[in-house]
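Residue numbers (my numbering): 16 to 151.
The C-beta atom is built at its ideal place from N, Cα and C for all residues, glycine as well.
Take a look at the structure below.
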Amino acid sequence: MKVKVSRKAHFNAAHRLYRPEWDEAKNSAVFGKCNNPNYHGHNYDLVVSVYGEVDKDTGFVMDMKILKALIKEKIEDALDHKNLNVEVPEFKHLNPTAENIAVVIWNKLRPDIDASKDLEVVLYETPRNFVTYNGK
Ligand code: NI
Numbered sequence: 016m017k018v019k020v021s022r023k024a025h026f027n028a029a030h031r032l033y034r035p036e037w038d039e040a041k042n043s044a045v046f047g048k049c050n051n052p053n054y055h056g057h058n059y060d061l062v063v064s065v066y067g068e069v070d071k072d073t074g075f076v077m078d079m080k081i082l083k084a085l086i087k088e089k090i091e092d093a094l095d096h097k098n099l100n101v102e103v104p105e106f107k108h109l110n111p112t113a114e115n116i117a118v119v120i121w122n123k124l125r126p127d128i129d130a131s132k133d134l135e136v137v138l139y140e141t142p143r144n145f146v147t148y149n150g151k
């Protein structure tokens, strides 16, 4: 019997989307307000899900205390109240779009989730815009 368990989390972070090799007009056309040279913030909502067999002894897919601590240590402590472009090494040469942030989060969590379980990350950049990454 397989079940998906999920934990919600939240962080605030600043970013700027741009490609240095593009001129201002193209950056502005492609990235819109997210191209603001002075950066701007988003309130990111995160849903991390683990899918797998329910353990016969515990009745858990994964101990949620462990998942909560993992998200705090690996994601919230690394990203919350940070300027993603400037302060988070993964985005030194990678545009911090919602897509790329979701992939970075997945890669940070994957080594600590049992290999027999599937991991999915859903990241809301705004209440209406969200992306999903599951490693595929
Ligand atoms: Ni933005």
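Residue of the options minimising C-alpha distance to residue i
| i | options | result |
| --- | --- | --- |
| Ala-113 | Val-101, Asp-95, Thr-141 and Asp-70 | Thr-141 |
| His-57 | Lys-151, Asn-144, Gly-150 and Tyr-148 | Asn-144 |
| Ala-28 | His-108, His-96, Pro-111 and Val-119 | His-96 |
| Asp-60 | Val-69, Pro-111, Ser-131 and Phe-26 | Phe-26 |
| Ile-120 | His-55, Arg-34, Gly-150 and Glu-36 | Gly-150 |
| Leu-124 | Pro-111, Phe-106 and Ile-81 | Ile-81 |
Element boundaries [beta strand (DSSP E), containing residue i]
| i | result |
| --- | --- |
| Ser-64 | 55-68 |
| Ser-21 | 17-30 |
| Glu-135 | 133-139 |
Sequence-distant residues of its chain with Cβ nearer than 8 Å to residue i (five each side left out)
| i | result |
| --- | --- |
| Asp-127 | Leu-85 and Lys-89 |
| Asn-98 | Ala-28, Ala-29, His-30 and Tyr-54 |
Limits of the unbroken alpha helix (DSSP H) element including residue i
| i | result |
| --- | --- |
| Phe-9 | No answer is possible for residue 9: it lies beyond the span of the chain, which begins at 16 and ends at 151. |
| Val-119 | 113-124 |
CB contact flag (residue i, residue j, <8 Å)
| i | j | result |
| --- | --- | --- |
| Met-79 | Val-18 | no |
| Lys-132 | Met-77 | yes |
| Val-69 | Ala-24 | no |
Neighbourhood of residue i by C-beta distance below 6 Å, restricted to the same chain and skipping five residues each side
| i | result |
| --- | --- |
| Cys-49 | Leu-32 |
| Ala-117 | Val-136, Leu-138, Val-146 and Tyr-148 |
Three or more C-beta pairs under 8 Å: does that hold for the stretch 66-76 against the stretch 89-98? no
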